[in-house]
Amino acid sequence: MAEEELGRPLPADLKAWWSYADGAHLGSHPDGGPLIPPWFVPYSISEALKSRRVWMEVARQIAPVPIAQLEAFIAAQNELPAGTGCETWLPAWLPIATDAGGANLFVDLRGGRRHGCVMEYYKDAGASAGPEWADVAAMLYDIADRLAEGGPERVDEGRVHWG
178 MAEEELGRPL PADLKAWWSY ADGAHLGSHP DGGPLIPPWF VPYSISEALK
228 SRRVWMEVAR QIAPVPIAQL EAFIAAQNEL PAGTGCETWL PAWLPIATDA
278 GGANLFVDLR GGRRHGCVME YYKDAGASAG PEWADVAAML YDIADRLAEG
328 GPERVDEGRV HWG
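Take 178 as the starting number for the sequence shown in the numbering used here and just add one per residue.
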């Protein structure tokens, strides 16, 4: 479903993660707590695709270039190597988690040595920093390491609170 909509294959680690746990299902658990440090809640596949569609529409409404140049700008940015920042949401980005306040973690599906890296996107700044993790597997290993080293700041009623 996701690969068909994106028109490109998903990284194996993302497919594996979604096959084991299809997100936190925000609709049924709106306050499940941030499972991904520091404050992100995983999307289900359907939520990720819905979020991507919304970001794609928003990108067209608040583009940093005149509308006549928008498609060329997006196409050029979409061809840059994965891990390269951009203030506008790109078609090769797939959101995987949200903070429910205008920020998303996304997997960068553009080509290059950082293909599949995990980056942050903020509604007011775009993706201006480099990758947070090399890929989804590195993100999950980081979470496991943090849990093994003392875990989150606290866990109450099933909600995780990272310090």
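Backbone N, C-alpha and C define an ideal beta-carbon position, used for all residues, glycine too.
Quick check: the stretch 262-275 against the stretch 215-223, are there 3 or more CB pairs under 8 Å? yes
Could you compute how far the alpha carbon of ARG323 sits from the alpha carbon of PRO243? 44 Å
Residues sharing a beta bridge with GLY303, DSSP: TYR299
THR261 to ARG290 span [Cα, whole Å]: 11 Å
DSSP-derived helix/strand/coil call for VAL242: coil
Taking contact to mean 3 or more Cβ pairs, one atom from each stretch, closer than 8 Å, check whether the stretch 282-298 and the stretch 235-251 are in contact. no
Kindly indicate the opening and closing residues of the beta strand (DSSP E) around ILE273. 270-275
In angstroms with no decimal places, state the Cα-to-Cα distance between LEU187 and GLY327. 32 Å
For GLY184, tell me which candidate among TRP270, TYR318 and LYS300 has the shortest Cα-Cα distance. TRP270
Minimum C-alpha distance to ARG229 - residue among LEU317, ALA253 and PHE283: PHE283
Contact between the stretch 248-262 and the stretch 304-318: three or more CB pairs below 8 Å? yes
Rank ILE239, PRO268 and LEU191 by C-alpha distance to the C-alpha of ALA252 and give the top, closest one. PRO268
How long is the line joining the alpha carbons of GLU181 and ALA325, rounded to whole angstroms? 37 Å
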